[in-house]
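Undergrad:
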Amino acid sequence: MPRDTRLQKAMSQWGVCSRRKAEEYIQRGRVKVNGHPARLGDKIDPRKDLVTLDGERVNGAPKAEYQYLMLHKPRGYVTTLQDEQGRRCVADLMATVGERVYPIGRLDKNSEGLLLFTSDGAFANLMMHPSKKVSKTYRVTVRPDASDEQIVAMSDGIYIDGRKTAPATVRVLDKQPGRCVLEFVIREGRNRQIRKMCEEVGLEVARLKRTAFGPLKLGMLKPGTYRPLTKQEVAALRGAAGLSGPGEKK
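Read in order, the letters of the sequence shown are residues 7 to 256 in my numbering.
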């Protein structure tokens with residue numbers, strides 16, 4: 007981009023949001039350039055000027071320099087880059103990435119499914135910040151059969167360690183004698199939250215799999231493998247955290 011690029015054009019080319027949305031953010035005072043509120047018509051030097059949206063830096067190193075990846079974490083791996091006990095780590099599965107990437111959030115050893123990785127610290131913080139309430143979807147097999155009362159209780163919120171969980175969406179996907187498959191959609195990430203919720207209502211978790219993170223779905227990605235996210239997927243995740251309008255052209 008040239009040194010005198012219009013601010014809204016730069017934000018669009020960085021993949022933050024559309025030009026129209028950028029103009030709206032500027033008018034609302036949500037965008038700053040070098041710490042000062044931006045105005046419509048402002049031009050910037052994309053290589054030198056610091057641009058922030060709601061306090062989060064949106065420029066700097068080119069996007070191509072950052073890695074955004076999704077891994078299908080298998081059971082039996084711990085979400086850490088190094089384990090003193092010698093257990094298998096998710097870092098072992100990411101060894102071929104070619105640079106150091108960090109997990110966004112975590113899945114416990116006995117859980118599986120979608121786990122995000124990135125080298126972009128600001129993006130990781132955005133995805134994990136409690137105020138953003140980016141949803142996570144799980145397919146959970148429990149024993150024995152879950153009653154309507156148990157499902158309602160978990161949907162309304164369960165006290166864990168003296169604090170009630172936020173309302174969740176819990177629905178039945180399948181029922182068989184002695185077992186039940188549930189879908190959980192939660193917007194917080196407390197330690198072993200779903201397992202503890204089930205335990206509090208008398209259910210045993212036999213299998214737990216994260217199938218989606220915000221709008222991003224695990225799909226047919228095989229266990230133990232990873233793939234890079236597309237620019238559209240990264241933009242959609244930012245949108246889920248409130249940084250752009252969902253469904254807008256990026």
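Ideal Cβ placement from N, Cα and C applies to all residues, glycine included. All values reported here derive from a predicted model rather than from experimental measurement.
1. Look at the Cβ atom of Leu75, then the Cβ atom of Phe129, and state whether they are nearer than 8 Å.
2. So, under 8 Å CB-CB, Leu99 and Gly230 are touching, yes? Tell me the CB distance rounded to an integer number of Å.
3. Entirely within the stretch 57-111 and at least 4 residues each: give me those alpha helix (DSSP H) ranges in chain order.
4. Under 8 Å between the Cβ atoms of Val84 and Val57?
5. Would a C-beta distance cut-off of 8 Å place Leu120 and Phe219 closer than the cut-off?
6. Have a look at Lys69 and Pro109 and give me their C-alpha separation to the nearest angstrom.
7. Going along the chain, which residues of its own chain have a beta-carbon closer than 6 Å to the beta-carbon of Glu206, five neighbours each way excluded?
8. Could you pull the DSSP bridge partners for Ile192 from this structure?
9. Which residues bound the beta strand (DSSP E) around Gly119?
10. Since Ser18 and Arg25 should fall inside the 8 Å C-beta cutoff, what is the C-beta to C-beta distance between them, to a whole number of angstroms?
11. Count the other C-beta atoms from every protein chain shown that fall within 10 angstroms of the C-beta of Pro136, then say buried if there are 16 or more, exposed otherwise.
12. Could you give the C-beta distance for Val148 and Leu209, rounded to a whole number, given that I count them as a contact under 8 Å?
13. Could you have a look at Arg233 and say whether DSSP puts it in helix, strand or coil?
14. Does the stretch 85-96 come within contact of the stretch 196-206, defined as at least 3 CB pairs closer than 8 Å?
15. Straight-line CA distance for Met226 to Glu62?
16. Quick check on DSSP: helix, strand or coil for Cys204?
TA: Taking the structure as given:
1. No, they are not a contact pair.
2. The Cβ separation is near 6 Å, so the contact holds.
3. Listed in chain order, the complete alpha helix (DSSP H) runs (minimum 4 residues) inside the stretch 57-111 are 96-99.
4. Not a contact, by the Cβ cut-off of 8 Å.
5. Contact check for Leu120 against Phe219 passes: the beta carbons are separated by less than 8 Å.
6. With a pLDDT of only 47 at Lys69, under 50, the local geometry of the prediction cannot be trusted, and no value is derived from it.
7. Exclusion of the five residues before and after Glu206 leaves Ile164 as the residues of its chain whose Cβ lies within less than 6 Å of its Cβ.
8. The partner list for Ile192 (beta bridge, DSSP) reads Lys142.
9. Per DSSP, Gly119 belongs to the beta strand (DSSP E) from 118-124.
10. At roughly 5 Å, the Cβ-Cβ gap stays under 8 Å, so Ser18 and Arg25 are in contact.
11. Burial call: exposed.
12. By a beta-carbon distance limit of 8 Å, Val148 contacts Leu209. Their separation comes to about 4 Å.
13. In this structure, Arg233 counts as strand in the three-state DSSP scheme.
14. Pairwise C-beta distances place the stretch 85-96 out of contact with the stretch 196-206, as fewer than three of them are shorter than 8 Å.
15. Cα-Cα distance, rounded: 33 Å.
16. Helix, per DSSP.
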